[in-house]
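Numbering-wise (the UniProt record's numbering), the sequence shown opens with residue 1 and increments by one. Glycine residues also receive a C-beta, built at the ideal position from the N, C-alpha and C atoms.
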Amino acid sequence: PNLEKLIHLEIFDVSSCTELGKIEGSFENMSYLREVDLCGTKLKTFPELPKQSILCSSKRIVLADSRCLEKDEWSQIKECLAMNPEGSNFSNQPEKTDEKSEKLVHHGSRYRVLDPEVPLDIDIVDTKRSVDLGKDYISKAEYVSVSENESESVSLIFREFQMRSVKGCWVERCKKMANLFASGEKEDQETSFSSSLETLWISNLPLLKKLDNGNGGFVFKNLKKLSIDCCPSIESLFPGASQLPDNLEILRVKFCDKLKKLFEEEVGELPKLRKLYLLDLPVLSPDGVKFPNLEKYTNEKCPNFEATLEELKLGRTKKTEEISEDQPHKNIEAETPTEPTKTTGPIQR
Numbered sequence: 001p002n003l004e005k006l007i008h009l010e011i012f013d014v015s016s017c018t019e020l021g022k023i024e025g026s027f028e029n030m031s032y033l034r035e036v037d038l039c040g041t042k043l044k045t046f047p048e049l050p051k052q053s054i055l056c057s058s059k060r061i062v063l064a065d066s067r068c069l070e071k072d073e074w075s076q077i078k079e080c081l082a083m084n085p086e087g088s089n090f091s092n093q094p095e096k097t098d099e100k101s102e103k104l105v106h107h108g109s110r111y112r113v114l115d116p117e118v119p120l121d122i123d124i125v126d127t128k129r130s131v132d133l134g135k136d137y138i139s140k141a142e143y144v145s146v147s148e149n150e151s152e153s154v155s156l157i158f159r160e161f162q163m164r165s166v167k168g169c170w171v172e173r174c175k176k177m178a179n180l181f182a183s184g185e186k187e188d189q190e191t192s193f194s195s196s197l198e199t200l201w202i203s204n205l206p207l208l209k210k211l212d213n214g215n216g217g218f219v220f221k222n223l224k225k226l227s228i229d230c231c232p233s234i235e236s237l238f239p240g241a242s243q244l245p246d247n248l249e250i251l252r253v254k255f256c257d258k259l260k261k262l263f264e265e266e267v268g269e270l271p272k273l274r275k276l277y278l279l280d281l282p283v284l285s286p287d288g289v290k291f292p293n294l295e296k297y298t299n300e301k302c303p304n305f306e307a308t309l310e311e312l313k314l315g316r317t318k319k320t321e322e323i324s325e326d327q328p329h330k331n332i333e334a335e336t337p338t339e340p341t342k343t344t345g346p347i348q349r
């Protein structure tokens with residue numbers, strides 16, 4: 001691909017591409033870039049790193065020989081690379097020292113790059129290594145990575161491995177998933193495989209249309225953090241009031257071309273939402289939901305979502321739009337006289 005056009009890229013990961021020896025283009029204008037992973041490639045040189053970043057999180061590069069450098073700014077990394085071309089002051093990637101470590105997503109920090117609030121020092125079980133891990137081990141996992149999986153939903157994976165304690169789930173590049181959680185008819189709140197979820201991160205699911213099929217609102221009852229990006233088919237996040245995530249504190253939504261509403265049906269408020277990040281959502285419009293405790297609100301490239309932080313806190317966005325459509329007509333009728341009035345001199349009082 002032409003790197004010059006990927007200006008919103010956050011992670012450039014070509015690790016384990018053993019035949020890759022050259023990358024065309026530059027990272028210079030990628031102000032969202034957080035991580036570059038070249039581990040296992042043949043690359044001896046790489047594109048120019050970003051000039052500046054709009055992100056507050058640390059920046060990280062992993063070289064072809066697994067040496068790693070992490071700094072607050074790309075400029076600091078470039079300086080270190082210039083002063084130490086051999087990488088003498090770089091740290092090494094953690095070594096796989098035992099059988100268990102080989103079966104985990106080894107670099108849990110990958111998800112901290114995407115979300116700085118991901119807990120430190122957690123073991124994220126990779127479902128792709130399920131054959132080696134064994135069903136009993138996976139069933140107890142609290143943090144799970146689901147990537148490039150052929151399943152039609154995350155629920156099927158949770159049921160297959162009897163996972164009832166998952167607190168954090170990272171789902172990416174699953175081409176067949178159209179519905180993330182497909183609750184069974186006999187499944188209730190006590191037996192749900194997904195009701196313990198507190199953190200859910202979703203990326204690059206091209207067919208995804210729903211997070212839940214509407215049969216189990218308890219799926220989101222404990223959800224605190226939701227991040228979703230690059231899901232071009234989804235039109236709304238939550239089907240209705242029964243799926244309202246009352247405990248949601250952080251919501252990030254990016255690059256979802258067809259997303260029209262955050263909520264499919266009219267709902268009241270999300271009392272605990274503190275942070276709302278919206279980026280590049282061309283058809284998203286406000287739906288009148290009240291976020292009374294909203295502290296931080298970022299809106300970029302969402303032309304139809306013009307609500308301010310105060311309007312979101314008061315839940316006035318939808319009503320304001322409706323009034324603005326009707327009110328001008330009433331004013332015109334009230335102010336228009338029945339007969340034209342001509343004034344030829346000073347108004348007499």
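- Query: Taking the alpha carbon of Glu152 as the point to measure from, which residue in Arg173, Val166, Met163, Asn179 has its own alpha carbon closest?
  - Reply: As a first step, residue 152 is located in the sequence shown; it is residue number 152 there, counting from the start. The shortest C-alpha separation from Glu152 is found at Asn179.
- Query: Leu294 to Ser147, Cα distance in whole Å?
  - Reply: Walking along the sequence shown from the start, residue 294 turns up at place 294. Walking along the sequence shown from the start, residue 147 turns up at place 147. Going by the C-alpha atoms only, they are around 32 angstroms apart.
- Query: In the structure shown, what three-state DSSP assignment does Arg252 receive?
  - Reply: By 1-based counting over the sequence shown, the position of residue 252 is 252. The answer is strand: DSSP assigns Arg252 an E or B state.
- Message: If the criterion is Cβ atoms closer than 9 angstroms, does the pair Ser285 and Ile250 meet it?
- Response: Here residue 285 corresponds to residue number 285 of the sequence shown, with the count starting at 1. Here residue 250 corresponds to residue number 250 of the sequence shown, with the count starting at 1. Going by beta carbons, Ser285 and Ile250 fall outside the 9 angstroms limit.
- Item | Beta carbon of Leu63 nearer than 9 angstroms to that of Cys39 | Here residue 63 refers to the residue found at position 63 when the sequence shown is read from its first residue. Here residue 39 refers to the residue found at position 39 when the sequence shown is read from its first residue. Between Leu63 and Cys39, the C-beta gap is smaller than 9 angstroms, which places the two residues in contact.
- Can you tell me which of the three DSSP states Ile138 falls into? On the sequence shown, position 138 is the one that residue 138 refers to. In the structure shown, Ile138 sits in a helix (DSSP, three-state: H, G or I).
- When DSSP builds the beta bridges, which residues end up paired with Thr298? Residue numbering aside, residue 298 sits at position 298 when the sequence shown is read from its first letter. BP columns for Thr298 point to Tyr277.
- Task: Going by DSSP, name the residue or residues bridged to Lys225.
- Result: Numbered from 1 along the sequence shown, position 225 holds the residue referred to as residue 225. In DSSP, Lys225 forms a bridge with Thr199, Ile250.
- Item | C-alpha gap between Lys210 and Ala82, whole angstroms | The residue you call residue 210 lines up with position 210 of the sequence shown. The residue you call residue 82 lines up with position 82 of the sequence shown. If you take the alpha carbons of Lys210 and Ala82, they lie about 47 angstroms apart.
- Message: I'd like to confirm the pairing. Which residues does DSSP put opposite Tyr143 in its beta bridges?
- Response: Within the sequence shown, numbered from 1, the residue matching residue 143 stands at position 143. Looking at the DSSP assignment, Tyr143 forms a beta bridge with Gly168.
- Message: Helix, strand or coil for Cys230? Go by DSSP, reduced to three states.
- Response: The residue you call residue 230 lines up with position 230 of the sequence shown. Coil.
- Message: Is the separation between the beta-carbon of Leu270 and that of Pro303 shorter than 9 angstroms?
- Response: Against the sequence shown, residue 270 aligns to sequence position 270. Against the sequence shown, residue 303 aligns to sequence position 303. No, the Cβ-Cβ distance between Leu270 and Pro303 is not below 9 angstroms.
- Task: Please list, in chain order, all residues of the same chain as Leu9 whose beta carbon is under 7 angstroms from its beta carbon, the five residues on each side excluded.
- Result: The residue given as residue 9 occupies position 9 in the sequence shown. Only Met30, Tyr32, Leu33 meet the Cβ criterion.
- C-alpha gap between Thr18 and Asp37, whole angstroms: Position 18 of the sequence shown holds residue 18. Position 37 of the sequence shown holds residue 37. Those two C-alpha atoms are separated by around 13 angstroms.
- Identify which residue in Lys5, Trp170, Gly21 has its Cα closest to the Cα of Glu28. On the sequence shown, position 28 is the one that residue 28 refers to. When each option's Cα is compared against that of Glu28, the closest is Lys5.
- Message: Less than 9 angstroms between the C-beta atoms of Cys230 and Trp201, yes or no?
- Response: Stepping through the sequence shown from its first residue, residue 230 is reached at position 230. Stepping through the sequence shown from its first residue, residue 201 is reached at position 201. No, these two residues do not count as a Cβ contact at 9 angstroms.
- Item | Of the listed residues Leu309, Gln162, Val289, nearest to Tyr297 (C-alpha basis) | Along the sequence shown, one-based indexing puts residue 297 at 297. Considering only alpha carbons, the answer is Leu309.
- Which of helix, strand or coil DSSP assigns to Pro292: Along the sequence shown, one-based indexing puts residue 292 at 292. For Pro292, the three-state secondary structure derived from DSSP is coil.
- Item | Paired residues, beta bridge with Glu35 - DSSP | Position 35 of the sequence shown, counted from the first residue, corresponds to residue 35. According to DSSP, which records beta bridges pairwise, Glu35 is partnered with Ile11, Arg60.
- Would you kindly report the start and end of the unbroken beta strand (DSSP E) that includes Ser236? Numbered from its first residue, the sequence shown carries residue 236 at position 236. From DSSP, the beta strand (DSSP E) with Ser236 extends over 236–238.
- Task: Can you have a look at Pro292 and say buried or exposed, based on whether 16 or more other CB atoms are within 10 angstroms of its CB?
- Result: Against the sequence shown, residue 292 aligns to sequence position 292. So Pro292 counts as exposed.
- Task: Could you have a look at Arg316 and say whether DSSP puts it in helix, strand or coil?
- Result: Mapped onto the sequence shown, residue 316 falls at position 316. Coil at Arg316, not helix or strand.
- Query: Hey, Lys258 and Ser233: beta-carbon distance below 9 angstroms or not?
  - Reply: If you number the sequence shown from 1, residue 258 lands on position 258. If you number the sequence shown from 1, residue 233 lands on position 233. In this structure, Ser233 lies closer than 9 angstroms to Lys258 by Cβ.
- Query: What is the DSSP secondary structure of Leu3, counted as helix, strand or coil?
  - Reply: To locate residue 3, count along the sequence shown from 1; it is residue 3. Correct three-state label for Leu3: helix.
- Message: By the three-class DSSP mapping on this structure, what secondary structure does Leu49 have?
- Response: On the sequence shown, position 49 is the one that residue 49 refers to. Looking at Leu49 - three-state DSSP - the assignment turns out to be coil, as it is neither helix nor strand.
- Query: From Leu279 to Arg252, what does the alpha carbon distance come to, in whole angstroms?
  - Reply: Taking the sequence shown and counting its residues from 1, one reaches residue 279 at position 279. Taking the sequence shown and counting its residues from 1, one reaches residue 252 at position 252. Computed Cα separation, rounded: 8 angstroms.
- Message: Which same chain residues end up closer than 6 angstroms to Leu49 when comparing Cβ atoms and leaving out the 5 residues on each side of it in sequence?
- Response: Residue numbering aside, residue 49 sits at position 49 when the sequence shown is read from its first letter. The residues are Phe27, Trp74, Lys78.
- Item | Beta-carbon proximity list for Ser15, same chain, < 6 angstroms, skipping 5 on both sides | Taking the sequence shown and counting its residues from 1, the one referred to as residue 15 is at position 15. So the qualifying residues of the chain are Asp37, Cys39, Gly40.
- Task: Using beta-carbon positions only, say whether Pro47 and Leu3 come within less than 9 angstroms of one another.
- Result: Within the sequence shown, the letter at position 47 stands for residue 47. Within the sequence shown, the letter at position 3 stands for residue 3. Cβ atoms of Pro47 and Leu3: closer than 9 angstroms.
- Whether Asn247 touches Leu276 by CB criterion (9 angstroms): As a first step, residue 247 must be located in the sequence shown, where it is residue number 247. As a first step, residue 276 must be located in the sequence shown, where it is residue number 276. No, the Cβ-Cβ distance between Asn247 and Leu276 is not below 9 angstroms.
- Thinking C-alpha only, which one of Lys225, Leu197, Phe181, Gly268 is nearest Leu208? Taking the sequence shown and counting its residues from 1, one reaches residue 208 at position 208. Of Lys225, Leu197, Phe181, Gly268, the residue nearest in Cα terms is Phe181.
- Message: Using the three-state DSSP reduction, which class does Val283 fall into: helix, strand or coil?
- Response: Here residue 283 is taken as the residue at index 283 of the sequence shown, counted from 1. Three-state result, Val283: coil.
- Buried versus exposed, by CB contacts within 10 Å (16 or more), residue 352: What the structure shows of the chain is the stretch from 1 to 349, and residue 352 is not part of that stretch, so it cannot be assessed.
- Kindly list the residues whose CB is nearer than 7 angstroms to the CB of Gly315, restricted to its own chain and excluding five residues on each side of it in sequence; keep chain order. Here residue 315 refers to the residue found at position 315 of the sequence shown. Answer for Gly315: Glu269, Gly288, Val289, Lys290, listed in chain order.
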